[in-house]
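**Q** Residue numbers (the working numbering): 35 to 180. We put the beta carbon where it would ideally sit given N, CA and C, even for glycine. Structure below; questions to follow.
Structural data, given as C-alpha cells:
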C-alpha cells in the first residue's frame, strides 16, 4: 500500500491509500478517483517529500495518540460538507434516479412541494436548469466503487 497526496485542478489536496502506483493510475484513468472536496475528476499526485520519523524521546506520546482516524474530517470545510450532507439526508426525501422526474413534477404542481435529492444525468440536470427549475449538485453525489 502507498499513501499519496492527491491534488485536483482547483488546488484542493487530500490523502488517499492505493495498492500501488499502477493501481492509482488505473483507478484515476477509469474516473474512480475524484477530489474529496469538489468532486473533480481531474486529479494528480501532488509532489511529496518522504516522511522521516524522528527518534522517539521518552516524553513523546505514543504514535497512536498522535494520529487522527481516517474517518475524522481532514479540514473544517470537510466537516461542513459532512454537516450539510446530514442535514439534507435528514430533511429531504431521497427520490433516487427519479430526481429529474420528481423535480419537474413538483415545479409543475403535479406533485406535493417538498425538498428532494437524488441522482440525475448531466443532460437531465441541464434541462431542469434551462427550464428554470432550481437544481444544485451536491458535493458527495458521485458514487465511488471499490
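To the nearest angstrom, report how far apart residue 46 and residue 81 are at their CA atoms.
**A** Their backbone Cα atoms lie some 13 Å apart in a straight line.
**Q** To the nearest angstrom, how far is the alpha carbon of residue 68 from that of residue 173?
**A** 11 Å
**Q** Where DSSP assigns a beta bridge to residue 74, which residues make up the other side?
**A** Per DSSP, none; premise fails for residue 74.
**Q** DSSP on residue 49, reduced to helix/strand/coil?
**A** DSSP, read as helix, strand or coil, puts residue 49 in strand.
**Q** Thinking C-alpha only, which one of 130, 109 and 50 is nearest residue 79?
**A** Taking only the C-alpha atoms, the option nearest residue 79 is 50.
**Q** Does the contact criterion of 3 or more C-beta pairs under 8 Å hold for the stretch 147–159 versus the stretch 119–130?
**A** Flag = yes, the stretch 147–159 and the stretch 119–130 touch.
**Q** Are the beta-carbon atoms belonging to residue 154 and residue 145 less than 8 Å from one another?
**A** no
**Q** Given a threshold of 16 other Cβ atoms within 10 Å of its Cβ, counted over all protein chains shown, does residue 40 qualify as buried or as exposed?
**A** buried
**Q** Under 8 Å between the Cβ atoms of residue 42 and residue 74?
**A** yes
**Q** Determine, using beta carbons only, whether residue 71 comes closer than 8 Å to chain B.
**A** Judged by its chain identifiers, the structure shown contains no chain B, having just a single protein chain.
**Q** Out of curiosity, what's the CA-to-CA distance linking residue 108 and residue 62?
**A** For residue 108 and residue 62, the distance between alpha carbons rounds to 21 Å.
**Q** Should residue 137 be labelled buried (16 or more other beta-carbon atoms within 10 Å of its own) or exposed?
**A** buried
**Q** Along the chain, where does the beta strand (DSSP E) that runs through residue 39 open and close?
**A** That run of the beta strand (DSSP E) goes 36–42.
**Q** Which residue's Cα is closest to the Cα of residue 58: 37, 71, 164 and 163?
**A** 37
**Q** Within 10 angstroms of the Cβ of residue 160, are there 16 or more other Cβ atoms? Answer buried if so, exposed if not.
**A** With fewer than 16 other Cβ atoms from the protein chains shown falling within 10 Å of its own Cβ, residue 160 counts as exposed.
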